[in-house]
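The block underneath contains the structure these notes are about, expressed in structure tokens.
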Amino acid sequence: LLEHGAKVKAYDPVAMDEAKRRIGDKIEYTKDPYGALVDADALMLVTEWPEFKMPNFEVIKKLLKTPVIFDGRNVYDADFVKEKGFDYYCIGIDKK
């Protein structure tokens, strides 16, 4: 994403220090998961920490510029998330 000019904001409840060490200041780090969503074009979920499993989807929808979720861990129920008004893309699941 960075190589294509994207601005990346990230939050991880466990690995922030390690991410900062490896990635440095190439991305913006936030203090909470919702802070990473402010004015973001999409949410990309790449870890499945417990605090990410039951988010407030209404808050997420209000914070994102567009209601799009890319779920790299298949954490959410696709039908539920789509009913909440999101475009939802997950790994390894047929979209039929």
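Heads up: the sequence shown begins at 11 in this note's numbering, then just goes up one per residue.
Even glycine gets a Cβ: it sits at the ideal position worked out from N, Cα and C.
Taking the alpha carbon of M26 as the point to measure from, which residue in G15, K17 and K41 has its own alpha carbon closest?
-> Working through the sequence shown from its first residue, we reach residue 26 at position 16. M26 has its Cα closest to that of K41, out of G15, K17 and K41.
Does any heavy atom of the ligand HEM sit closer than 6 Å to the C-beta of V78?
-> The ligand content of the structure shown is nil, which means the ligand HEM is not present either.
To the nearest angstrom, report how far apart K94 and P65 are at their CA atoms.
-> Start at 1 with the first residue of the sequence shown, and residue 94 comes out as number 84. Start at 1 with the first residue of the sequence shown, and residue 65 comes out as number 55. Answer to the nearest angstrom: the Cα atoms are 12 Å apart.
Cα-Cα separation, P60 to H14 = Working through the sequence shown from its first residue, we reach residue 60 at position 50. Working through the sequence shown from its first residue, we reach residue 14 at position 4. For P60 and H14, the distance between alpha carbons rounds to 31 Å.
Spatial neighbours of P77 in its chain, beta-carbon cut-off 7 Å, leaving aside the 5 residues before and after | Counting from 1 along the sequence shown, the entry for residue 77 is found at position 67. Closer than 7 Å at Cβ, skipping near neighbours: K71, G95, F96 and D97.
Length of the line joining the Cα atoms of L73 and K30 = On the sequence shown, position 63 is the one that residue 73 refers to. On the sequence shown, position 20 is the one that residue 30 refers to. Between the C-alpha atoms of L73 and K30 there is a straight-line separation of about 24 Å.
Since I believe V56 is in contact with G82 (beta carbons under 8 Å), could you give me their beta-carbon distance rounded to a whole number of angstroms?
-> Locating residue 82 in the sequence shown gives position 72, counting from the first residue. Locating residue 56 in the sequence shown gives position 46, counting from the first residue. Going by Cβ atoms, the distance from G82 to V56 rounds to 5 Å, so yes, they are a contact pair.
State the Cα-Cα distance for the pair G102 and E58, rounded to the nearest angstrom.
-> The sequence position of residue 102 within the sequence shown is 92, counting from 1. The sequence position of residue 58 within the sequence shown is 48, counting from 1. Rounded to the nearest whole angstrom, the CA to CA distance from G102 to E58 is 16 Å.
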